[in-house]
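S.K.: Heads up, the sequence shown is in the UniProt record's numbering, so the first residue is 1 and it goes up one at a time.
Ideal placement from N, C-alpha and C gives every residue a C-beta, glycine not left out.
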Amino acid sequence: MGVKISDRAVSRIVAAAAASVPGTIELGRSLERPAGRTYPRFDVIVDDTSRTCSIEAFIAVAWPSPVTTVALTVRTTIADWVRDYTGLAATHVNVVVGPVVRGRPVPAELLDAHPTRPRLRPVTVHPTPVRPPHTRPPVPLRPITVRGNRVR
Numbered sequence: 001m002g003v004k005i006s007d008r009a010v011s012r013i014v015a016a017a018a019a020s021v022p023g024t025i026e027l028g029r030s031l032e033r034p035a036g037r038t039y040p041r042f043d044v045i046v047d048d049t050s051r052t053c054s055i056e057a058f059i060a061v062a063w064p065s066p067v068t069t070v071a072l073t074v075r076t077t078i079a080d081w082v083r084d085y086t087g088l089a090a091t092h093v094n095v096v097v098g099p100v101v102r103g104r105p106v107p108a109e110l111l112d113a114h115p116t117r118p119r120l121r122p123v124t125v126h127p128t129p130v131r132p133p134h135t136r137p138p139v140p141l142r143p144i145t146v147r148g149n150r151v152r
């Protein structure tokens, strides 16, 4: 069957992918929004048999920025990161833009230049020599005799 990848593991990859896109912001609960939702949020469903996943991303975006371009870049980045990190095909990546919050301007050129693929590094393994454990010699046992309920 192969390696099983959990929904939670894919959610963490999705969160990192979305956070890498300029113009996305993290929005938590605050005094102004005590009952408000936090952003970003992600719903991920992994289908192990078909090696696919479905993702719904709820993001907050900084204003002024080209909101549609931010959402499209987030969508592409999420799909690319999930494929490159896990080998899963993202069959659906829906991006829902929630709050738009005043922040630093994000020019369209910055989004166009944003790499959608993650920078992966190859895993390097350094072999460790196997050494037998060093133990103390066993302590000689002292014989005991049992008579009745007493131990001598």
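Report the three-state DSSP secondary structure of residue 144 (helix, strand or coil).
M.R.: Stepping through the sequence shown from its first residue, residue 144 is reached at position 144. Residue state, collapsed to three classes: coil.
S.K.: Are residue 51 and residue 87 touching if we call contact CB-CB under 8 Å?
M.R.: Residue numbering aside, residue 51 sits at position 51 when the sequence shown is read from its first letter. Residue numbering aside, residue 87 sits at position 87 when the sequence shown is read from its first letter. Yes. Within cutoff.
S.K.: Pick from 24, 60, 66 and 13: whose alpha carbon is nearest that of residue 108?
M.R.: The count along the sequence shown starts at 1 and reaches residue 108 at position 108. That would be 66, whose Cα lies nearest to the Cα of residue 108.
S.K.: Would you check if the distance between the CB atom of residue 24 and the CB atom of residue 55 is smaller than 8 Å?
M.R.: Taking the sequence shown and counting its residues from 1, one reaches residue 24 at position 24. Taking the sequence shown and counting its residues from 1, one reaches residue 55 at position 55. No, the Cβ-Cβ distance between residue 24 and residue 55 is not below 8 Å.
S.K.: Hey, could you find the ends of the beta strand (DSSP E) residue 100 is sitting in?
M.R.: Here residue 100 refers to the residue found at position 100 when the sequence shown is read from its first residue. Run containing residue 100: 89-102, per the beta strand (DSSP E) assignment.
S.K.: Would you kindly work out how many angstroms separate the C-alpha atoms of residue 102 and residue 38, rounded to a whole number?
M.R.: In the sequence shown, residue 102 corresponds to position 102, counting from 1. In the sequence shown, residue 38 corresponds to position 38, counting from 1. When rounded, the distance between both Cα atoms is 16 Å.
S.K.: Do you know whose CA, among 78, 68, 117 and 111, lies nearest residue 15's CA?
M.R.: Counted from its first residue, the sequence shown places residue 15 at position 15. Of 78, 68, 117 and 111, the residue nearest in Cα terms is 78.
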